[in-house]
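*Asks:* Shown below is the structure under consideration.
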Amino acid sequence: MKHKRLQIYQTLLILSFTLACLNLFSQNDATGLLKMVDEYKASGNKLELASTYNKLGTIYWQSGKLDKAVDFYKKSVEINEDLGNNNAIRIICGYLGLIHLEAEKYNDAIVYFKRSLELNKSIGKTNEIISDYYNLASAYQMLRQYDKSSDNANLALAKALETENLEMAKSCNLLLAENYEKTGDSKKSAEHFANYTSLNKHLQTAEMAKMKDEKKQIETQIHQKNKELQTALDTLGEVIEINQEMQLQQSIKELQLKEQDARLEILESKEKLRKTQLFYLSLFLILIVGILVLFFFQSQQRKKANNRLKEQNIKIENQKAEIEKQRDLADKQRKNLTSSIQYARRIQSAVIPKKTQLYEHFNDSFILYRPRDIVSGDFYWFAQKDDLFVLAAADCTGHGVPGAFMSMLGVAFLNEIINKIAVNIHITSLNADEILNQLREKVITSLHQTEGRGDPKDGMDIALCIINTKQKTIQFAGANNPLVIIRNNEVIKIKGDKMPVSIHKRKDVPFSKHEMKLKDGDCLYLFSDGYIDQFGGDEGRKFMSNRFLDLLVKIHQEPMPEQKIILESEYQRWKGDFTQVDDVIVIGLRFGKVTGSKTINWEDKTILIAEDTDINYFLLVEVLKMTKVNIVRAMNGEEAVEMTKLQKIDLVLMDINMPKMSGFEATRLIKEFDKNIPIIIQTAVYQDGEKQAEESGADEFISKPIDLRTFMDKLKHFLN
Amino acid sequence: MDRLFIEASDDTPEVNFNKEENIFEISGKILPENEAEFFEPIYQWFDNYIKDPNSSTTLKLKIDYFNSASHKAINELLEILCKINSENVKVEWHYIKDDDDMLESGNDYAELTGLNFVYKPYS
C-alpha cells in the first residue's frame, strides 16, 4: 500500500523533527528513559512523564515492537487526559491509529482515528482532519466496507481540494478508484483513477518545477556566491578562513544541487525515454519522406531553372543577334548615306563651274572653297562673254544637303538668266542688279514662297559683279554680301543691299547697282560670311570682318595663290579645335597686269615622280617642262624609297596605287628615312585628299585629274 | 502667364521670358538645325504676351552668332514686338565691342522694324 507508506513516512518526518527538537536522538536509550519514568512518577511531573511515555512509544514503534509502543502511548494519553492536553491526545491517537493499521487491527484503528478526527475538528487542524478521514477510509477499505471507506475518502478529498492539498487529493482519488473497482463501478473507478494520474502528474511536474526552481535558485546563489568570493579575495587578503567556509558552504550547496539534479534526472529520464523512442521513430519516418520529397522537388526546381536559363540564353542570343543586325543595318545605312552624299558631291562639283575658268581670265586669282560638310551651301559662279566677266560668290541658307540643294538651284537659275539675256538682249546690257532681281523672282516663284511666319524663306546671300576688262569698269550688286577692293593699301568696301535673294519684307525693292572704275593692280575680293563668322582664337570669338579686312590689306601685295595659302592657314590657326560653323568661300582676283611675274626656275631641283601609269607620268612631265626641274621616275613604292636614299630629292610626287608597295607605305618609309623630304600624294577626286594626306604622313595632296593651278601653287610652296 | 525657359545648347540660345519679373532675354548662339521648330514656341509665347503686355517691355538680345535662317527668325520676333502699342518698348542689343558686324546687324534690325534699339557693347 504505497500511499499508506507515504503517509507514514510523512508522519515520521514530522515526528522526527519534533523529537529532534527535544534532542531525543542523543538520548536514544530506552532503559534510560524507563528510569526517568520512575523518577517522574515519583516527582509527580506529569508533563515530563507524558513526554517520556511518548518517547518510549516512539522508540518501540520504530523498532517494530508495536504492543509495547501501544502500551506506552496509551499511558501517555491517560496522563494527557489528566492534564487536559488535547493537542497531545489528538496526535497520539493518530499514532495509535496508524500503529493499529499497521498491525491490521482495523477496527481499533478506526476508533483511534475517529477520536483524533474529533479533536482535530475542534481545534480546526485541516490537514490533520484530511489525514484522519483518509486513514479512516483506508481502514474501512481494509475491512472491505467500501461505502464507508468511500464516504470518508470523499470527505477527505473535499477538504483536500478545498485547501488545495493536492497530495492528499491524489491519494484520496486513488483510494476511491480502488474502492469503486472493488464495488464494480468501473466508470467511477476510472474517473478517480484519471484524477489520480493527472494529480500525480501535476504534482510530479510541480515537484520537478519546484526542484528546477530550487535548482535555479541554488545555481544563482552559487553564481552570486562565486561573485562574492572573487570580491572577497580581491579586497581582503587574510580571509582564507571565510573563503574556506564559503567554499564549504558552496560545496554543500553543490552537493545538494547534485542531489536535486539526480532526483530530477531520474524522474525526467523515465519520461524522456518513452517519449524519445516515439519521437525518433516518427522523425525517422518523416525524414525519409522529407528527403524523398526534397529530392523530387529539387530536381524539379533544377529542371525549371535550367529551362529558364536556356530561355534567357536564347533570348539574349536573339537580342544580341537583333542588336547586331540593327547595328549592321545602321552601319550600312550610314555608309549608304555617306556614299550617296559623296556621290552628290560629285554632281555638285560637276555643276559648279571650273576654277580654271577664272584663272584663264585672271591669272592672278584664287578661289578658297571650303565646304563645312561633304556638299556645300556656298557656291561660286562665272559667266563670260567677250569683254564681260560675271563673277559671283553666293551663300545659300543652310549648309550640307539643304544648302547644296539651294546651291544647285542657284547655279541653274543663274545659268538660265544669263542665257535668256544673251538670247533676247544684247549682252552689253547685262546688269548686275537686274540679274539679282531676276534671280530673286525665280527663287520666290519656283519655291512658291509666301510671307507667312514660319514659312520657309530659303534663299541666298550673294555678291555679284560684272567686270569689263576692256573698259576697266566693274558693276556690283549684292544681297547682304559686299565687294571689297583693296587699292594702295586702302579698303574700299561696297556693301550689298540688306535683303536676301528670297521672299522678304523688301522683296519688291529692286537691288541697287554700284559702278566704278578699276585700276590695274586692284585686288578684288568676294566672300561669304563663313570665314568671318568662324569661332576660334583664345577666347572662342568670331573672326570678324574688321580682322578679316585687316588681314587682306596685310597680304594683298602677295600673289593671289600665296594669299590663298595664307588665308587658309590663318583660318586653320584661328579655328583650332572649334567646329567649322559654316561653308567658307573667298574669291580673290588681281585686276590688270600681273605685277612682276615670277618665272619659275627649278634647274637645281630634282623631283621624284612615283607613278606606274605612263599617261599620268608623261602628263606631269609636260606640265613641269617649263620649270626646267630635273625629274626622276620610280615605277613602284619600293623603287621610290630606294631612290630617295640614293640621291638628293627635293620633292616626291607619290601615286597611291602602285604595285609591289603602295604609296602610303612608301611615304611612311621615306619619312622615316628623312622627314624633311616633301611628299605630295596624288589622290582620286572622290577621295578626301586632305584626310589621305594626313593619314599617310604626306605633306600635301593633289587630286587627279590635276588642277594645274593648284598643282603649281603647291609645288611652289615647297620648292621656292 | 507661364514662364518660358529654354536651356542653352551647342546650337541654340538660352531663352528666358518671364512676365512677372519683366524679363525677356535671348542669349547665345542661334544656329538650330530647324529654326522654325525652335522659334515656334517663342513666337507663340510672345503672341500671347502682347495681348496683355507689361507697362514697359525690354527685349534683351545677346547673340554670339546667328545663321541666315535665325536672322529671319529674330526679324519675325521683332515684328511681333512691333505690335505692342506703346512707347515703352525697346530692344537691348548686346554685342562684343569690336564686333562691327553684330553692331551693323543691330542697326539693320532697328532700321527694318523701327523699334527703339539700345546698344550695349561689352568686352
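As they're listed, the protein sequences go chains E and X. Note that numbering that gives the first Met the number 0 gives residue 714 to position 715 of the first sequence, counting from 1, and the numbers run on in steps of one. Note that numbering that gives the first Met the number 0 gives residue 21 to position 22 of the second sequence, counting from 1, and the numbers run on in steps of one. Quick reminder that beta carbons are idealized off the backbone N, C-alpha and C, glycines included.
Per DSSP, what kind of secondary structure is residue 273 of chain E in: helix, strand or coil?
*Replies:* helix
*Asks:* Any beta-carbon of chain E closer than 8 Å to the one on residue 82 of chain X?
*Replies:* no
*Asks:* Can we say the region 403-423 of chain E touches the region 475-495 of chain E, given the rule of at least three CB pairs closer than 8 Å?
*Replies:* no
*Asks:* Given this structure, state the Cα-to-Cα distance separating residue 726 of chain E from residue 0 of chain X, to the nearest angstrom.
*Replies:* Look at the range of chain E in this structure, 0 to 719, and you will see that residue 726 of chain E is not part of it.
*Asks:* Does residue 352 of chain E have its Cβ less than 8 Å from a Cβ in chain X?
*Replies:* no
*Asks:* Residues of chain E with a CB under 7 Å from the CB of residue 145 of chain X: which are they?
*Replies:* The shown model of chain X, from 0 to 122, leaves out residue 145 of chain X, and the question about it has no answer.
*Asks:* For a quick check, are the C-beta atoms of residue 473 of chain E and residue 515 of chain E less than 8 Å apart?
*Replies:* yes
*Asks:* Residues in the same chain with beta-carbon distance under 6 Å from residue 579 of chain E, minus the five sequence neighbours each way, listed in chain order, please.
*Replies:* 371
*Asks:* Nearest-angstrom Cα distance between residue 24 of chain E and residue 275 of chain E?
*Replies:* With a pLDDT of only 47 at residue 24 of chain E, under the threshold of 50, the placement of this residue in the model should not be trusted, and no figure is reported.
*Asks:* Once you ignore the five residues that flank residue 659 of chain E on each side, which residues in its own chain have a CB closer than 7 Å to its CB?
*Replies:* 635, 636 and 637
*Asks:* Which of helix, strand or coil does DSSP assign to residue 64 of chain X?
*Replies:* If DSSP states are grouped into helix, strand and coil, residue 64 of chain X belongs with the strands.
*Asks:* Using the three-state DSSP reduction, which class does residue 402 of chain E fall into: helix, strand or coil?
*Replies:* Reduced to three states, the DSSP call for residue 402 of chain E is helix.
*Asks:* Does DSSP put residue 253 of chain E in a helix, in a strand, or in coil?
*Replies:* helix
*Asks:* Give a yes or no on whether 8 Å exceeds the smallest Cβ distance from residue 42 of chain X to chain E.
*Replies:* yes
*Asks:* Any C-beta of chain B within less than 7 Å: which residues of the region 19-48 of chain X qualify?
*Replies:* The chain labelled as chain B is not found among the protein chains of the depicted structure, namely E and X.
*Asks:* Skipping 5 residues on each side, what residues in its chain have a beta carbon closer than 8 Å to that of residue 509 of chain E?
*Replies:* 432 and 436
*Asks:* Could you have a look at residue 594 of chain E and say whether DSSP puts it in helix, strand or coil?
*Replies:* At residue 594 of chain E, the pLDDT of 49 sits below 50, so the modelled position is not reliable and the matter cannot be decided from this model.
*Asks:* I'd like to know whether the C-beta of residue 594 of chain E is nearer than 8 Å to at least one C-beta of chain X.
*Replies:* Bear in mind that a pLDDT of 49 at residue 594 of chain E, under 50, signals an unreliable position, so the number given afterwards is only what the model happens to contain. Answer no: the Cβ-Cβ gap between residue 594 of chain E and chain X never drops below 8 Å.
*Asks:* Please confirm whether residue 71 of chain X has its beta-carbon closer than 8 Å to some beta-carbon of chain E.
*Replies:* yes
*Asks:* Under 8 Å, Cβ to Cβ, is there at least one residue of chain E near residue 114 of chain X?
*Replies:* no
*Asks:* By how many angstroms is the C-alpha of residue 555 of chain E removed from the C-alpha of residue 594 of chain E?
*Replies:* Residue placement at residue 594 of chain E is poorly supported in this model, since its pLDDT is 49, which falls under 50; the coordinates are not used for a value here.
*Asks:* Say whether the region 394-412 of chain E touches the region 439-449 of chain E, bearing in mind that this needs 3 or more beta-carbon pairs closer than 8 Å, one atom from each stretch.
*Replies:* Contact between the region 394-412 of chain E and the region 439-449 of chain E is present, because at least three Cβ pairs lie under 8 Å.
*Asks:* Would residue 67 of chain X pass as an interface residue toward chain E - the criterion being a Cβ-Cβ separation below 8 Å?
*Replies:* yes
*Asks:* In terms of alpha-carbon separation, which member of E:453, E:448, E:451 and E:409 lies closest to residue 434 of chain E?
*Replies:* With respect to the C-alpha of residue 434 of chain E, the residue from E:453, E:448, E:451 and E:409 having the closest C-alpha is E:409.
*Asks:* Taking residue 116 of chain E as the reference, give the member of E:390, E:129 and E:532 with the closest Cα.
*Replies:* E:129
*Asks:* What beta strand (DSSP E) runs, 3 residues minimum, are completely inside the region 650-690 of chain E?
*Replies:* 650-654 and 678-683
*Asks:* Shorter than 8 Å from the beta carbon of residue 584 of chain E to some beta carbon of chain X?
*Replies:* no
*Asks:* From this set, E:321, E:327, E:464 and E:342, which residue's C-alpha is nearest residue 383 of chain E's C-alpha?
*Replies:* E:464
*Asks:* Anything in chain X within Cβ reach of residue 725 of chain E, meaning under 7 Å, just list it in chain order.
*Replies:* With chain E covering 0 to 719 only, the question about residue 725 of chain E has no answer from this structure.
*Asks:* Output yes or no for whether 8 Å exceeds the beta carbon distance between residue 524 of chain E and residue 585 of chain E.
*Replies:* yes
*Asks:* Can you pull the chain X neighbours of residue 544 of chain E, defined as C-beta to C-beta under 7 Å?
*Replies:* 99 and 100
*Asks:* Could you round the C-beta distance between residue 652 of chain E and residue 705 of chain E to whole angstroms and report it? I think they count as a contact, below 8 Å.
*Replies:* The pair is not a contact, with the Cβ atoms about 10 Å apart (cut-off 8 Å).
*Asks:* If you follow the alpha helix (DSSP H) that residue 216 of chain E is part of, which residue opens it and which one closes it?
*Replies:* 185-234
*Asks:* Compile a chain-ordered list of the residues in the region 436-452 of chain E whose CB is closer than 7 Å to at least one CB of chain X.
*Replies:* 452
*Asks:* Counting only the same chain and skipping the five closest in sequence on each side, list residues whose C-beta sits under 6 Å from that of residue 605 of chain E.
*Replies:* 629, 648 and 649
*Asks:* Closer than 8 Å is the cut-off here; do at least three beta carbon pairs connect the region 134-151 of chain E with the region 97-112 of chain E?
*Replies:* yes
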